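Student: Under our numbering, the first residue of the sequence shown is numbered 1176, with each subsequent residue one higher.
Even for Gly, the Cβ is constructed at its ideal location relative to N, Cα and C.
Model, not experiment: these values are computed from the prediction.
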Amino acid sequence: MFTHVLVGSTDIPRSTAFYDAALGALEIEGQSFGSLRIYSKNHMSFEFTLPRNGEPACHANGGTVGFAAANSDAVDAFYAAGLAHGGFDEGAPGKRPNAPGNAYGAYLRDPDGNKICAFCQLSDG
């Protein structure tokens, strides 16, 4: 339902390492255009860059960007890759009883504090 989501970064190489690892686990690749890095899939994109106004980047309180995962293994890989590349735990992988369906997800904070997650639906079997 969106065309893109853009978050600020204070350190482009650090953010690139984090998102290349975490989103790479979800088979989403990025490309750079100067300080702008874009990860696209299914005509939608997630992006980060230095703030255009020159002020420091900061994260949204209560904001979360969610990424679709093919299965629970991909969610687990996203979480592990993010932690290994400077991310912080915001909710370990597992079933999410308060989410719709038979949801399985994990939450991370990127090195700048932006909250992201990966989710899939488990089969009922």
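Restricting to Cα atoms, I'd like to know which of Gly1266, Ala1256, Arg1227, Asp1251 is closest to Thr1239.
Tutor: Gly1266
Student: Within 10 angstroms of the Cβ of Phe1208, are there 16 or more other Cβ atoms? Answer buried if so, exposed if not.
Tutor: exposed
Student: Enumerate in chain order the residues of its own chain whose CB-to-CB distance from Phe1223 is below 6 Å, with the five nearest sequence positions on each side excluded.
Tutor: Val1182, Ser1184, Ser1190, Arg1212
Student: Pull up the distance between the alpha-carbon of Ser1210 and that of Tyr1279, whole angstroms please.
Tutor: 33 Å
Student: Is Ala1197 near Asp1285, with beta carbons less than 9 Å apart?
Tutor: yes
Student: Are the beta-carbon atoms belonging to Asn1273 and Asp1299 less than 9 Å from one another?
Tutor: No, Cβ-Cβ distance for Asn1273 and Asp1299 is not below 9 Å.
Student: Closer than 7 Å by C-beta to Asn1246: which residues in its own chain qualify, once you throw out the five before and the five after it? Chain order, please.
Tutor: Cys1295
Student: Beta-carbon within less than 6 Å of Ala1301's beta-carbon, same chain only, minus the 5 sequence neighbours each way: which residues are those?
Tutor: For residue 1301 there is no data in the structure shown, the boundaries of the chain being 1176 and 1300.
Student: Nearest to Ile1291 by alpha carbon, out of Tyr1254, Pro1231, Ile1187?
Tutor: Tyr1254
Student: Relative to the C-alpha of Pro1275, which candidate in Leu1283, Pro1188, Leu1297, Ala1259 has its C-alpha closest?
Tutor: Comparing Cα positions, the closest option is Leu1297.
Student: Near Leu1225, which residues of its chain fall below 8 Å by C-beta distance, leaving aside the five closest residues on each side in sequence?
Tutor: Gly1183, Ser1184, Thr1185, Ile1187, Ser1210, Ala1232
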